[in-house]
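Input: a single structure, listed below in structure tokens.
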Amino acid sequence: MPQALFLDQNDDGDMHADVRAVDRDQLPEGDVLVRVLYSSLNYKDGLAVTGKGKIIRGAFPFIPGIDLVGEVEASEVAGFEVGDRVIQTGWGLGETHWGGYSQLQRVRAEWLVPLPVSLTPQNAMTAGTAGFTAMLAVMGLEDHGLPPGAGEVVVTGASGGVGSFAVALLGALGYDVVASTGSEAAHTYLRDLGAARLIHRDELAQGPQRPMESARWAGAVDTVGGATLAAVIAQLERHGSVAACGNAGGFQLHTTVFPFILRGASLLGIDSNTCPNDRRRRAWHRLADVLSEETFDRIRAEVIGLGQIAEKAEAIMQGQIQGRVVVDVNQ
Ligand SMILES: NC(=O)c1ccc[n+]([C@@H]2O[C@H](COP(=O)([O-])OP(=O)(O)OC[C@H]3O[C@@H](n4cnc5c(N)ncnc54)[C@H](OP(=O)(O)O)[C@@H]3O)[C@@H](O)[C@H]2O)c1
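Position one of the sequence shown corresponds to residue 218 (the working numbering), numbered consecutively onward.
Below, the structure written as structure tokens:
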């Protein structure tokens, strides 16, 4: 019988996680049955598993996990055959629909992306939602007309999951990458990934002192939000853009219209969860093409089993995880 991590919630709202058998008749509705190989542990999964954030919007007991990669075991639709390797991130996986922390899961075909041939299942989950979001951010900057060589592109929260992949992708594509980080221990790691220069995150964390400051950035990928994003907006060069992906440092944004109306700055929103499927496919293929095996080796991924998720979820909430965590659901 396949195993899965189930979350139960008691009357006080406390979450309890436990690995147990899942019958395929219990699985949610969908037209593709996936034999899951790997999932991953993201900050959002940490919030869900510990109950510290209201991520799960389905009935309990619930199987979390916002990412999965696996092989099609049965399919009711053309386009997905038995044995095909597929990825799902987002579309409510692990939030409204049972997720990737299960050896077997049933999902909807329109949510799935074929695993690019050059990407191993484990590397796909080393990337997971974090790598996919970084790719969407880079594509957003490209679509907005930012070519390599246009000037410095800053990545905030650079040592985190999204930040690391943004540094690696931009570096591999030939951009002049500046990594903004609060972690001195990550300097060598970020240089090896592709950062040409590093700044301390405190340079941006105070927010802008004036509506427009000296123009420093041709573009930016921001995972921090709050005052950091406001500072980046005030420091964008003419017609520069920032792809806003996260709120690791705050969700409020205090800015003025001046960078937008006097410098033509653009604020690009990135939502990986509901990204349309054709763009999703392009992003995964792009990611597989751009990143080398060596880059995946550098972005350390700790591999854990279903039984270690609860403990690691606490650790990710305490900021004690470096790099990415891949879940081998069959371990
Ligand atoms: N838009 C989307 O679809 C999407 C998808 C995935 C994630 N996200 C969001 O993106 C953000 C990053 O996700 P992640 O998975 O990369 O998280 P993560 O691995 O925890 O990385 C976040 C990084 O932000 C920096 N940071 C943490 N706390 C900070 C603070 N108080 N002030 C300034 N910087 C701080 C740290 O980097 P340094 O030590 O290098 O400074 C940290 O490593 C999160 O807010 C997440 O919710 C959004």
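Yeah, the Cβ is synthetic: ideal placement off N, Cα and C, and Gly gets one too. Being a predicted model, the structure only gives us computed values, none of them experimental.
- The residue among Q220, V239, N340 with its C-alpha nearest the C-alpha of D506 is N340.
- Assignment of A412 by DSSP, reduced to helix, strand and coil, places it in the coil class.
- 9 angstroms or more divides the Cβ of R498 from the Cβ of M356.
- P338 sits in a helix when the DSSP states are folded into three classes.
- Between the C-alpha atoms of A447 and G522 there is a straight-line separation of about 40 angstroms.
- At least one heavy atom of ligand 1 sits closer than 8 angstroms to the Cβ of G377.
- When distances are taken from the beta-carbon of D488 to the heavy atoms of ligand 1, the shortest one is below 8 angstroms.
- In the DSSP annotation of this structure, the continuous segment of the alpha helix (DSSP H) that includes L421 starts and ends at 419 to 422.
- The Cβ atoms of G345 and V543 sit closer than 9 angstroms to each other.
- In this structure, the CA atom of H502 is about 8 angstroms from the CA atom of L332.
- G309 is a Cβ neighbour of R274, given a cutoff of 9 angstroms.
- When the beta-carbon positions are compared, L363 and G287 stay at least 9 angstroms from each other.
- In this structure R433 is buried. Its beta-carbon is surrounded by 16 or more other beta-carbon atoms within 10 angstroms.
- Boundaries around G443 are those of the alpha helix (DSSP H), 443 to 451, since no beta strand (DSSP E) includes it.
- Taking V441 as the centre and dropping the five residues before and after it, the same chain places the C-beta of T373, G374, A465, G466 closer than 6 angstroms to its C-beta, in chain order.
- When DSSP reads this structure, G467 sits in a beta bridge with G442.
- By the C-beta density criterion, R323 is buried, having at least 16 other C-beta atoms within 10 angstroms.
- V266 and Q426 have their C-alpha atoms roughly 39 angstroms apart.
- Contact between the segment 521 to 536 and the segment 231 to 242 is present: 3 or more CB-CB pairs across the two stretches fall below 8 angstroms.
- Counted as a single uninterrupted DSSP element, the beta strand (DSSP E) harbouring L321 occupies residues 321 to 324.
- For T512, the enclosing alpha helix (DSSP H) starts and ends at 510 to 515.
- Per DSSP, the beta-bridge partners of H233 are D225.
- In the structure shown, the three-state DSSP call for E369 is strand.
- Here DSSP, grouped into helix, strand and coil, assigns T405 to helix.
- From the listed residues R515, E359, A291, T472, the smallest Cα separation to G391 is found for E359.
- In terms of side-chain proximity, the C-beta atom of N464 is found nearer than 8 angstroms to a non-hydrogen atom of ligand 1.
- Taking the CA atoms as reference points, T306 sits about 12 angstroms from T343.
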